[in-house]
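> Supplied in structure tokens, the structure appears directly below.
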Amino acid sequence: MAHELTDTDNMLSVREMPWHGLGSVLPTEPTRAEAQAIAHPWEPVSAPVFAREMQVTPTGDLVEGFGEVEGFQAIQRSDNGATLSITNDTYGIVKNDEMWDIAEAVGNLGTDIHIETAGSLAGGKRVWVLLRFDEPIQITGDENGATLPLFALQNSHDGSSSFRGQALNTRIVCANTSAAADIEARKHGYEFRFRHSSKVTDRLEQAKEAVSMWRSGGAAWDREKRILADTRITASQQIEFIERFQPMPPEHLTTDRVRANVETARSQVREILTSETCASISDNAFGLFQAGIEWQQHFRATKGTGRERMESHFKRSMLSDGRVREDTLQLVREIALV
89 MAHELTDTDN MLSVREMPWH GLGSVLPTEP TRAEAQAIAH PWEPVSAPVF AREMQVTPTG
149 DLVEGFGEVE GFQAIQRSDN GATLSITNDT YGIVKNDEMW DIAEAVGNLG TDIHIETAGS
209 LAGGKRVWVL LRFDEPIQIT GDENGATLPL FALQNSHDGS SSFRGQALNT RIVCANTSAA
269 ADIEARKHGY EFRFRHSSKV TDRLEQAKEA VSMWRSGGAA WDREKRILAD TRITASQQIE
329 FIERFQPMPP EHLTTDRVRA NVETARSQVR EILTSETCAS ISDNAFGLFQ AGIEWQQHFR
389 ATKGTGRERM ESHFKRSMLS DGRVREDTLQ LVREIALV
């Protein structure tokens, strides 16, 4: 069950039915109280932990019984008593209501923030709230440039992860999309995390700071992309980009195999620039940037075979391409003189 929505989990989504067809689909945005009542109508609570042990009765008989285990606690659901985890007693519980407090604080930063999805996974071990911003980023001249910014609050009650706030574009509706959101947020750095011992007042302030950082960072990148999209490039500048993006080693150090590989890579970049991906931006600097990133993520050769090859490609494309993006952007700026 890839979605990890069990019979004791609840979720809601606004307008759009999730791929798994589960949960409540609402025609309009709910209030906080309405959404919380559907997605999280319970709280995580602490309970003592008992272990089987041998005990001595007042008469001196040795019997089997149960004794409380000091230093540990069970985290259970307040509605059905299900045990979500066993942790040390210093582990601070972040209640579902506190998560909604932060969601409400994020929403109060502007009138363009709405509840998109919310729910729990694995019987309540993991929970989330997803907010939607009415601020799609549109790159002038790029028909594929629109995005729908989202902000997620995710938490675990089983000790598997910290409480985190994430600015992203992944619509969380299941375990897979929850994991994808974690990858995306870490990749771009728009994430804050709280240890489970933090105070809720600290969380509220950090949430506000994180959203402010994300919005200013997003606006800055939007301005950068608009400048690139407005900067026309010549045929000679495009050739220069391709040759510098895929440089040929000095003649005395170049084998026939290396030379062939470089020419193949250059040809692939040229194909990307004339493909549907860059159809509306091939004549500007933003098109060069997009072509460079697409080559890195989808065309660059990956070592290994089978599963090893797929994992290597995934890690490079999703987790470690930040330096490549920076270098590609710098190269485009130099060539386009922006």
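Going by this note's numbering, the first residue of the sequence shown is number 89, and it counts up by one from there.
All C-beta atoms in this analysis are idealised placements derived from N, C-alpha and C, irrespective of residue type, glycine included.
For T342 and V357, I'd like the C-alpha separation in whole angstroms.
T342 and V357: Cα-Cα distance of roughly 21 Å.
> Tell me which residues share the same chain as R421 and place their Cβ nearer than 7 Å to its Cβ, disregarding the 5 neighbours each side in the sequence.
Excluding residues within five positions, none has a Cβ falling inside 7 Å.
> Rounded to whole angstroms, what's the CA-CA distance from G375 to A353? Just pull it up for me.
Roughly 17 Å between the two C-alpha positions.
> If you run the structure through DSSP and keep just helix, strand and coil, what is N176?
Residue state, collapsed to three classes: strand.
> Could you tell me which of H284, F239, H386 sits nearest to T178, measuring between CA atoms?
Comparing Cα-Cα distances from T178 to each of H284, F239, H386, the minimum goes to H284.
> From P146 to D185, what distance separates their C-alpha atoms?
Spanning the two alpha carbons is a distance of roughly 46 Å.
> What's the C-alpha gap between Q242 and K183?
Q242 and K183: Cα-Cα distance of roughly 12 Å.
> Can you tell me where the alpha helix (DSSP H) with A121 in it begins and where it stops?
It spans 120-127 - the alpha helix (DSSP H) in which A121 sits, taken as one unbroken run.
> Can you tell me where the alpha helix (DSSP H) with L361 in it begins and where it stops?
Element bounds for L361: 344-361.
> State the DSSP-derived secondary structure class of A367, mapped to helix, strand or coil.
Three-state DSSP puts A367 in coil, outside helix and strand.
> Check each candidate in S363, D167, E382, S324 and name the one with the smallest Cα separation from A424.
When each option's Cα is compared against that of A424, the closest is S324.
> Grab me the residues of V133's own chain with a C-beta within less than 8 Å of its C-beta, minus the 5 sequence neighbours each way, in chain order.
I163, Q164, R165, S166, I181, listed in sequence order.
> Which term fits Q143, buried or exposed, when burial requires 16 or more other beta carbons within 10 angstroms of its beta carbon?
Under this definition Q143 is an exposed residue.
> Note down the Cα distance separating C366 from E92, rounded to an integer number of angstroms.
Their Cα atoms are separated by approximately 38 Å.
> Excluding sequence positions up to five away, which residues of its chain have a Cβ less than 7 Å from the Cβ of L417?
Here the set comprises F377.
> Taking the alpha carbon of A98 as the reference point, which residue from R320, C262, R311 has its own alpha carbon closest?
Per the sequence shown, residue 98 should be read as Asn rather than Ala. Ranking the options by Cα distance to N98, first place goes to C262.
> Locate the beta strand (DSSP E) running through Q161, then write down its first and last residues.
Here the beta strand (DSSP E) through Q161 covers 150-165.
> Please go through the same chain and pick out, in chain order, the residues whose beta-carbon is closer than 7 Å to the beta-carbon of G229, but skip the five residues on each side of it.
Any reading at G229 must be qualified, since the residue scores a pLDDT of 49, below 50, and its modelled position is unreliable; no value is offered.
> What residue from L110, V102, M105 has the CA that sits closest to D95's CA?
Comparing Cα positions, the closest option is L110.
> Measuring straight from C-alpha to C-alpha, what distance separates T171 and I271?
The straight-line gap from Cα to Cα measures roughly 28 Å.
> Look at the alpha carbon of A268 and the alpha carbon of T258, and state the distance between them as a whole number of angstroms.
For A268 and T258, the distance between alpha carbons rounds to 7 Å.
> Using three-state DSSP, classify L100 as helix, strand or coil.
Strand, per DSSP.
> By the DSSP assignment, the beta strand (DSSP E) with E279 in it spans what residues?
279-282 is the span of the beta strand (DSSP E), which, as asked, contains E279.
> Considering Cα atoms alone, identify which of V217, P136, N264 is closest to T119.
When only C-alpha atoms are compared, the closest one is V217.
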